[in-house]
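The sequence shown begins at 7 in the working numbering and counts up by one.
Data block below; observations after.
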Amino acid sequence: MQISRRTFVAAAAAAPLAGAGKDYTVYLGTYTGPKSKGIYAWRASGGKFSPLGCVGEVANPSFIAIAADGKHLYSVGEASGGTVTAFSLDKGSGKLTKLNEVSSKGGGPCYVSLDKTGKNAMIANYGGGSIAVLPVNADGSLKEASAFVQNTMSGPGANPKRQDKPHAHCIKVSADNKFVLATDLGMDEIKVYKFDPAKGAITPNSVGKTKPGSGPRHFTFHPKLGNRLYVINELSSTVTVFDWDGKKGSMTEIQTLSTLPDGLSVPGNSTAEVVVHPNGKFLYGSNRGHDSLAMFSIDGSGKLAPIGHTKTGGQVPRNFAIDPNGTKLLAAHQKTDDVFVFNLDPATGKLTPTGERWEVGSPVCVRFLT
Numbered sequence: 007m008q009i010s011r012r013t014f015v016a017a018a019a020a021a022p023l024a025g026a027g028k029d030y031t032v033y034l035g036t037y038t039g040p041k042s043k044g045i046y047a048w049r050a051s052g053g054k055f056s057p058l059g060c061v062g063e064v065a066n067p068s069f070i071a072i073a074a075d076g077k078h079l080y081s082v083g084e085a086s087g088g089t090v091t092a093f094s095l096d097k098g099s100g101k102l103t104k105l106n107e108v109s110s111k112g113g114g115p116c117y118v119s120l121d122k123t124g125k126n127a128m129i130a131n132y133g134g135g136s137i138a139v140l141p142v143n144a145d146g147s148l149k150e151a152s153a154f155v156q157n158t159m160s161g162p163g164a165n166p167k168r169q170d171k172p173h174a175h176c177i178k179v180s181a182d183n184k185f186v187l188a189t190d191l192g193m194d195e196i197k198v199y200k201f202d203p204a205k206g207a208i209t210p211n212s213v214g215k216t217k218p219g220s221g222p223r224h225f226t227f228h229p230k231l232g233n234r235l236y237v238i239n240e241l242s243s244t245v246t247v248f249d250w251d252g253k254k255g256s257m258t259e260i261q262t263l264s265t266l267p268d269g270l271s272v273p274g275n276s277t278a279e280v281v282v283h284p285n286g287k288f289l290y291g292s293n294r295g296h297d298s299l300a301m302f303s304i305d306g307s308g309k310l311a312p313i314g315h316t317k318t319g320g321q322v323p324r325n326f327a328i329d330p331n332g333t334k335l336l337a338a339h340q341k342t343d344d345v346f347v348f349n350l351d352p353a354t355g356k357l358t359p360t361g362e363r364w365e366v367g368s369p370v371c372v373r374f375l376t
């Protein structure tokens, strides 16, 4: 049964917010237009949220990253001529001040992350099918790219419409900062590079592959097990578990499961984000079309078992994130211009809608600052 947003919120209104825990600020990246001017923020204090409004005006900040020290924020500018913008961040007010803007070295940048030293920003260009490393200056501003890789392929993939050319989608460093991993949706590959953080340099090392037509999108490492890597596949609506060899910088597939309910076909469904709970016991993946979060338990070996689905309340949950306390999940809906807040039970992994809904134009990235 399809649940309307009004019914969803009304049914959840009785659900109390989970325990307060530590205070934090939520930052939302968006697609700009009539309903959005850039990056928005909410302050969480005592278990309650209050809006801070637009804290930084920038065009199409579809993905953002916050420095570990909380002093700077970085945003892609998703357009044909891609950019990356560096901001200084005032923790007191939540406001952002632009430092500078540099080229992403490719069209349609869709992902930005920072290495463990905080001295390099990693960029994935979806439209350009390329990745880049941008060194960070001492003041938090960005330098021009120190490394760049243009992906190439000899012909279309198993899904010619979506895999007509390379489409880099996610880029992060390994926990030890020795490798850079980058998915390419068009090539069904996760490329691994050796990483020199002092020089901002990368060197090809190995390639992990998903099944043809999978379209690997985002990935995450298990927070406690050093040898498990999870990749959500946009085109096949699946999640793949890889054995990660941190010494060699290579991976081997060990499990692939559907993100949709058993036996259900949802034409046009695609996945988006994948997140492991900080306690390492649960994994969540978003379905766009079914408009749900697929939930999996994680056993001691890092393998997954389905435990159900939770409707997110809006349409096209492109991004979601678990708060720093591990007790709330925020789902951002690109199509219905809203964010829904869920209570999360760390013992069972269960999600319960709180009834809280934020209105913001095309939210597509959720990040936290404590």
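Where a beta carbon is used, it is the ideal one built from N, C-alpha and C, also for glycine.
Measure the beta-carbon distance from residue i to residue j and round it to whole angstroms, keeping in mind my assumption that it falls under 8 Å.
i: N126; j: G112; result: That pair is no contact at about 17 Å.
i: V322; j: R294; result: 5 Å
i: K41; j: D343; result: 6 Å
i: G320; j: F348; result: Not a contact, Cβ separation roughly 12 Å.
i: K101; j: V61; result: 5 Å
i: V32; j: F374; result: 6 Å
How many Å lie between residue i and residue j at the Cα?
i: A311; j: F302; result: 5 Å
i: K43; j: T189; result: 29 Å
i: K97; j: F55; result: 16 Å
i: L231; j: T333; result: 21 Å
i: E107; j: T89; result: 7 Å
i: Y80; j: P172; result: 24 Å
i: H78; j: K205; result: 21 Å
i: L124; j: A181; result: Checking the displayed sequence, the identity of residue 124 turns out to be Gly instead of Leu. Approximately 13 Å, taken between the alpha carbons.
i: P57; j: L335; result: 17 Å
i: F227; j: S86; result: 30 Å
i: G252; j: L299; result: 29 Å
i: S51; j: K167; result: 46 Å
i: V118; j: I72; result: 10 Å
i: A16; j: Q340; result: Unreliable placement is indicated for A16, whose pLDDT of 43 sits below 50; the coordinate value is still reported in the next sentence. Going from the Cα of A16 to the Cα of Q340 covers about 21 Å.
i: F154; j: K309; result: 34 Å
i: H296; j: L266; result: 8 Å
i: D75; j: L120; result: 12 Å
i: L357; j: E150; result: 42 Å
i: E365; j: Y46; result: 11 Å
i: L148; j: V272; result: 42 Å
i: S212; j: S99; result: 44 Å
i: N94; j: S160; result: Rather than Asn, the amino acid found at residue 94 in this sequence is Ser. Whole-angstrom Cα-Cα distance: 42 Å.
i: G255; j: K184; result: 8 Å
i: A92; j: A138; result: 15 Å
i: L140; j: S152; result: 6 Å
Among residues of its own chain, excluding the 5 on either side of residue i, which ones have a beta-carbon nearer than 7 Å to its beta-carbon?
i: V186; result: M128, I177, V179, Y199, F201 and I208
i: T376; result: K28, Y30 and P330
i: Q8; result: Reliability of the predicted coordinates at Q8 is poor, the pLDDT of 41 falling under 50, and no value is obtained from them.
i: I313; result: M301, F302, S303 and G355
i: T6; result: Only positions 7 to 376 of the chain appear in this structure, which leaves residue 6 out of reach.
i: P229; result: V282, P284 and G286
i: L235; result: F225, F227, F248, W250 and M257
i: S136; result: K111, G112, F154, V155, Q156, N157 and A174
i: C1; result: Within the shown structure, residues of the chain are numbered from 7 to 376, placing residue 1 beyond reach of any answer.
Here's the rule I'm using: 16 or more other beta-carbon atoms within 10 Å means buried, otherwise exposed. How should residue i be labelled?
i: S242; result: buried
i: N143; result: exposed
i: S292; result: buried
i: K197; result: buried
i: D268; result: exposed
i: G317; result: The sequence given here places Lys at residue 317; Gly does not occur at that position. Label assigned to K317: buried.
i: N285; result: exposed
i: T13; result: Note that T13 scores 44 on pLDDT, short of 50, meaning its location in the model is unreliable; the coordinates nonetheless yield the value given after this. T13 should be labelled exposed.
i: L270; result: exposed
i: P379; result: Missing from the structure shown is residue 379; the chain here goes from 7 to 376 and no further.
i: G274; result: exposed
i: P210; result: exposed
i: G59; result: exposed
Could you pull out every residue in the same chain whose Cβ sits closer than 8 Å to the Cβ of residue i, ignoring the five residues on either side in sequence?
i: K287; result: S303, I304, P352 and G355
i: N165; result: G219, G221 and L241
i: D194; result: G163, A164, Q169, K215, T216, K217, P218, G219, S220, G221 and P222
i: G114; result: E84, A85, S86, G88, N131, Y132, G133 and G134
i: G367; result: T36, Y37, T38, G39, P40, K41, S42 and D343
i: N233; result: D249, W250, D251, G252 and G308
Bridge partners for residue i per DSSP, in chain order?
i: I72; result: L79
i: A127; result: L120 and L140
i: A311; result: S303
i: D251; result: S256
i: R168; result: Beta-bridge pairing links R168 to no other residue.
i: F109; result: Checking the sequence, you will find Ser at residue 109 rather than Phe. Answer is T89, bridged to S109.
i: R324; result: The partner list for R324 (beta bridge, DSSP) is empty, contrary to what the question assumes.
Report all residues from its chain with a CB closer than 6 Å to the CB of residue i; omit the five preceding and five following residues, and keep chain order.
i: S307; result: none
i: I337; result: First, the residue type needs correcting, since residue 337 is Ala and not Ile in the sequence shown. Closer than 6 Å at the Cβ level, and outside the excluded window around A337, lie T318, P323, F326 and F346.
i: A65; result: T38 and G83
i: H224; result: C176, I238, E279 and V280
i: P369; result: L34, T36, A338 and V345
i: S276; result: E240 and R294
i: I260; result: V247 and D249
i: E63; result: K43 and G44
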